[in-house]
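Undergrad:
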Amino acid sequence: MEDGTPAARVTRRNHYAVRRVLDQAVGEGGVPGILDQVRDGGGQWFGTAGVGDTRTRRARGHEDRFRIGSITETFTATVVLQLVAEGRLALEDTVERRLPGAVTGNGHDGSTITVRQLLNHTSGVFSHTSDQPALSRQKSYTPGELVEIAMSHPAGFPAGTGWAYSNTNYVLAGMIVEQVTGRRLADEITDRLARPLGLTGTSLPLGADPLLPEPHASHYTRLFSPDPDATVHDVTELETSPCWAAGGMISTVADLNRFLSALLGGRLLPPEPQREMFTMVPTASWLPGATYGLGVSRLTLPPRHRAVGHGRRALRLVVVCLRPARGHAPARGERQRRLGDRTLGGPHQYLHRPPGGRVQPRCRPGQRTRRPGGFADVIALRAEP
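First residue of the sequence shown? That's 13 in my numbering, and the numbers climb one at a time after it.
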């Protein structure tokens, strides 16, 4: 992949739909570059549109590292649930028990908030990221300082009586992991998830490290301005301590697919914690048609398809990680749900990796292609200006 020009015309309907959406994101949505991966029984398909750097015109690469935003929550929740499975923590433990005195004031009461309510966003804890002036006073923040910012604002509602997305919930969850284990959250994620699964491009940066490992595309933002002529800022080097356990991780499309497949396939959690993770509650003022579990969400896509994963915006970096869902995970050999036919769409370049093989062009322009049926894992990523 050396540029963003079309390398293949994929005639399969679902791949063509992916191509169409990715092309539209660049051509109509003002997105500088976009990258995705689709995996099924026939291998792995990587697609790109646009560029990874608006100055050099470098194409997006399938091995690019990028900031995964709130998909970090799925990693954090998985570590918490592994600790639950080990008997070192309970979902009904209160925040006050684990972090005495951390959550108090302005209607916040850690003695009434459980670990479960942190993970499914029913705690009522104010989100520190809603106070941008407070996050502009210093170069970096400790988790405790982020919680203090949240505590300076009124709670949204009494714990368990509503739903509101709060990044502070996952900062607290990360602090609880460190309290229980006596180790850094980054080390727990590496030792429990990244290393066993071979996620070589996945990490939670330590401290105030603003750098992205190579290779990577550039990241851009208009700072939420709807004005198409607003100044575009390069935020490739970004200090992410305010995100931490809620959105600070770095990964690749292949790593995210591998992680999500292992999670949904029941290889990371025993049956009971797995059931708890996918016990959904209704959301409010969030993604249309979405419900939320413990670090994962379920979307109902038109007309009746369901997808499980996570996705959210951070500085206009849109990261979506979805997998077709029937229950918690598709059974082997079950008929493919062609999400791409109606919901996703497609790239300028498409590459194919047979199982165990190297990445190669899927087909030449005009060449017809066939592939076996099966479930498709879909990861769609885009960096918005």
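Note that the Cβ used here is the ideal one computed from N, Cα and C, for glycine as well. Every value quoted in this text rests on a predicted model; they were computed, and no experiment measured them.
Between 206, 251 and 167, which has its C-alpha nearest residue 135's C-alpha?
TA: Here the closest residue by C-alpha is 167.
Undergrad: From residue 251 to residue 284, what does the alpha carbon distance come to, in whole angstroms?
TA: If you take the alpha carbons of residue 251 and residue 284, they lie about 37 Å apart.
Undergrad: Roughly how many whole angstroms lie between the Cα atoms of residue 347 and residue 142?
TA: Residue confidence for residue 347 is low, a pLDDT of 28 falling below 50, so the modelled location carries little weight; the figure read from the coordinates is stated next. In a straight line, the C-alpha of residue 347 is about 43 Å away from that of residue 142.
Undergrad: Report the three-state DSSP secondary structure of residue 231 (helix, strand or coil).
TA: Coil.
Undergrad: Quick one, which of 246, 264 and 165 has its alpha-carbon nearest residue 213's?
TA: It is 264 whose Cα lies nearest to the Cα of residue 213.
Undergrad: Identify the continuous beta strand (DSSP E) that holds residue 310 and give its terminal residues.
TA: Per DSSP, residue 310 belongs to the beta strand (DSSP E) from 309-313.
Undergrad: Flag this pair as yes or no: are the beta carbons of residue 62 and residue 30 separated by less than 8 Å?
TA: No.
Undergrad: Quick check: what's the CA-CA separation for residue 112 versus residue 229?
TA: When rounded, the distance between both Cα atoms is 42 Å.
Undergrad: Please list, in chain order, all residues of the same chain as residue 75 whose beta carbon is under 8 Å from its beta carbon, the five residues on each side excluded.
TA: Contacts found: 213, 227, 264 and 266.
Undergrad: With DSSP as the reference, label residue 317 as helix, strand or coil.
TA: Strand.
Undergrad: In whole angstroms, what is the alpha-carbon distance linking residue 162 and residue 119?
TA: If I take the Cα positions, the gap works out to 11 Å.
Undergrad: Measuring only the C-alpha atoms, how far is residue 125 from residue 77?
TA: If I take the Cα positions, the gap works out to 36 Å.
Undergrad: How is the beta strand (DSSP E) around residue 304 delimited, first residue to last?
TA: Counting along the chain, the beta strand (DSSP E) containing residue 304 begins and ends at 302-304.
Undergrad: Is residue 320 closer than 8 Å to residue 304 when the C-beta atoms are compared?
TA: It is not a contact, given that the beta carbons lie outside the stated cut-off.
Undergrad: In chain order, what residues of the same chain have a beta carbon less than 6 Å from the beta carbon of residue 27, not counting five sequence neighbours either side?
TA: Cβ within range, chain order: n/a, list empty.
Undergrad: Let's see if you can read the secondary structure: which residues bound the beta strand (DSSP E) around residue 61?
TA: Where residue 61 is concerned, the enclosing beta strand (DSSP E) stretches over 55-62.
Undergrad: Residues in the same chain with beta-carbon distance under 7 Å from residue 87, minus the five sequence neighbours each way, listed in chain order, please.
TA: Same-chain partners within the cutoff: 201, 205 and 261.
Undergrad: For residue 225, which residues in the same chain have their Cβ closer than 8 Å to its Cβ, ignoring the five residues on either side in sequence?
TA: Same-chain partners within the cutoff: 77, 213, 215 and 262.
Undergrad: Assign residue 94 to one of three DSSP states: helix, strand, or coil.
TA: Of the three classes helix, strand and coil, the one that applies to residue 94 here is helix, per DSSP.
Undergrad: Taking just the CA atoms, how far does residue 132 sit from residue 195?
TA: Residue 195 and residue 132: Cα-Cα distance of roughly 24 Å.
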